[in-house]
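Structure, as structure tokens:
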Amino acid sequence: MRLEKVRLSGFRSLRDLTLELGDLTVITGPNNAGKSNLLAGLAFLGDVYARGLDAAMQTAGGYDRIAYRRGGEAVGSVGFDVDVTDPATDSARPTSTSSAMQKSPGDVRIRHLFNIDAEATETVSSYALGSNHLRISGTADSFPLATALHVDSSGVVTDFAELPTAREEAENAVSEILAEIFVKNWPTNLATLFRPEDADNKFYAISEPARNLASRMRGVVAGIRILRPVPHLCRQPAAPGPNVLLSQYGENLPAVADHLRRAAPATWLSVQEVMTTVVPGLLKIDIVPTEDRKLALRFEERGVGRPWTAGEVSDGTVQALALVLALFDDRIPLLGIEEPENALHPWILREILKVCTRQAGKQVVMTTHSPVLVDYVPAESVHLMWREGGQSKIGKMLELDTDVRKVWEGGGTNLFELYDSGGIPQATPGDAENQ
Ligand SMILES: Nc1ncnc2c1ncn2[C@@H]1O[C@H](COP(=O)(O)OP(=O)(O)OP(=O)(O)O)[C@@H](O)[C@H]1O
Ligand SMILES: [Mg+2]
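Using my numbering, the letters of the sequence shown map in sequence onto residues 215 to 649.
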């Protein structure tokens, strides 16, 4: 199952922005364009799915911090439209690069649309879940969903929200139940999502496949991780924990390395192998207990004697380890990385990008200012973000206008040169509306 699209509205500077995701999505653009806000939006969404709305809101700093603001006031509501396709049909997809838009027969999609509204009280930091819909759509041959969705004989995609008779009832039921799911616990409440007991209502008869779909969707969205490794935090000893996932700044790196070493030894070996390209004499990375029952990293290098402690190795080494570890960690279906180029030599960055392209099944989103990165990845995966009229916009670099693609396809220039030439107005700093 993969995330095809996320539409964010009213989230920080993202007044209304749709991100289309591939296996690799690279986002560049001037400072202040909203790249980090976009990753923060994905992190927030993942957190809502993983821990519930209230916990996610608390971590994000409250409604005031996440809602689009103009003139000092939070405006409107914060909305998400999350669009996921089902993996069971992935094999039926065409493999060409433009396949994301082509729906092959049998595709099943789930869209989850929800809004978080500010409550009309004296403090806007109080909020409530507003509209909340789950939409499942499929074609005639998308297994039992077809009957339930009343797909017509021509195989026209219908989603339940469009069903004239059941619409209101269905939306109410789903809104109600999803609201409960968010504040309580999604997986345990899934059993009630589509009521199997209403057997004579065709809409509800899809309980089993719909439950499975919704549960897998939850797995993908709740598994979103954003990484912006900070070398001095990556060096810290960390407390061990069960099934621990890498946190945003890499501050629990030794604990995650320890988990991987135990739970997935082959993966841990691959991580170390990639790290030998970063530290050529590297023999082994070890994890050792500290006096205060935490874990610390040790780097054994040929001909050096005592292994290096995490405090002794370079910024690039710990930063690269955090990136490689997260890329290899198959518990993370979608990884967002903020500016992976920080502290890395261009050659090492390219080695890490190679790892990226080898991780089948994992979606990676990166923000970057690096010419090396922009020129290394497939041009089709590069998106540009800019600011226009006080809000963030996004577009695929090659689709901004026909001239950009023409110049690029004509050869003789690489993508970053094109971006940096001054010929693309959106790529220059400032608000495009005022230029
Ligand atoms: N609640 C909000 N409403 C509207 N705009 C906001 C809100 N919060 C932040 N912003 C805007 O977003 C800007 C920061 O955007 P962001 O950090 O995403 O930029 P960026 O593209 O990552 O830039 P850089 O390349 O420097 O990292 C702020 O300067 C502010 O103008
Ligand atoms: Mg940023």
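Virtual Cβ for every residue (Gly too), placed ideally from N, Cα, C.
These numbers were taken from a predicted model, which means no experiment stands behind them.
Per the DSSP secondary-structure output, Arg601 pairs in a beta bridge with Ser606 and Asp645. In the DSSP assignment, His583 falls outside any alpha helix (DSSP H), carrying neither H nor E. Excluding sequence positions up to five before and after Leu567, its CB lies within less than 6 Å of the CB of Tyr590, all in the same chain and listed in chain order.
Taking the Cα positions, Thr481 is about 42 Å away from Gly624. Excluding sequence positions up to five before and after His559, its CB lies within less than 8 Å of the CB of Gly530, all in the same chain and listed in chain order.
Short note on Ser291: C-beta not closer than 6 Å to any heavy atom of ligand 1. Around the Cβ of Pro451, a 10 Å sphere holds 16 or more other Cβ atoms; the residue is buried. Assignment of Thr627 by DSSP, reduced to helix, strand and coil, places it in the coil class. Contact check for Glu565 against Leu587 fails: the beta carbons are separated by 7 Å or more. Judged by their CB atoms, Ser250 and Gln605 are not nearer to each other than the 7 Å cut-off. Annotated three-state conformation of Asn246 is coil, per DSSP.
Beyond the five residues adjoining it in sequence on each side, Tyr633 comes within less than 6 Å, by CB distance, of Ala641 in the same chain, given in chain order. Assigned with DSSP and collapsed to three states, Val492 falls in helix. For Arg545, the three-state secondary structure derived from DSSP is coil. For Leu483, the three-state secondary structure derived from DSSP is helix. The C-beta distance from Val458 to His446 rounds to 20 Å, too long to meet the 8 Å contact threshold. Judged by their CB atoms, Ser340 and Asn329 are not nearer to each other than the 7 Å cut-off. Distance from the C-beta of Gly248 to the nearest heavy atom of ligand 1 is below 6 Å.
For Asn648, the distance from the CB to the nearest heavy atom of ligand 1 is not below 6 Å. Apart from the 5 residues on each side of it in sequence, Val485 sits with its Cβ closer than 6 Å to the Cβ of Val538, Leu539 and Phe542 in its chain, given in chain order.
With distances taken between CA atoms, Ala557 lies nearest to Val492 out of Val492, Asp278 and Arg229. Here Leu483 is exposed: its Cβ has fewer than 16 other Cβ atoms, across all protein chains shown, within 10 Å. Boundaries cannot be given for Leu558, as no beta strand (DSSP E) includes it and DSSP labels it neither H nor E.
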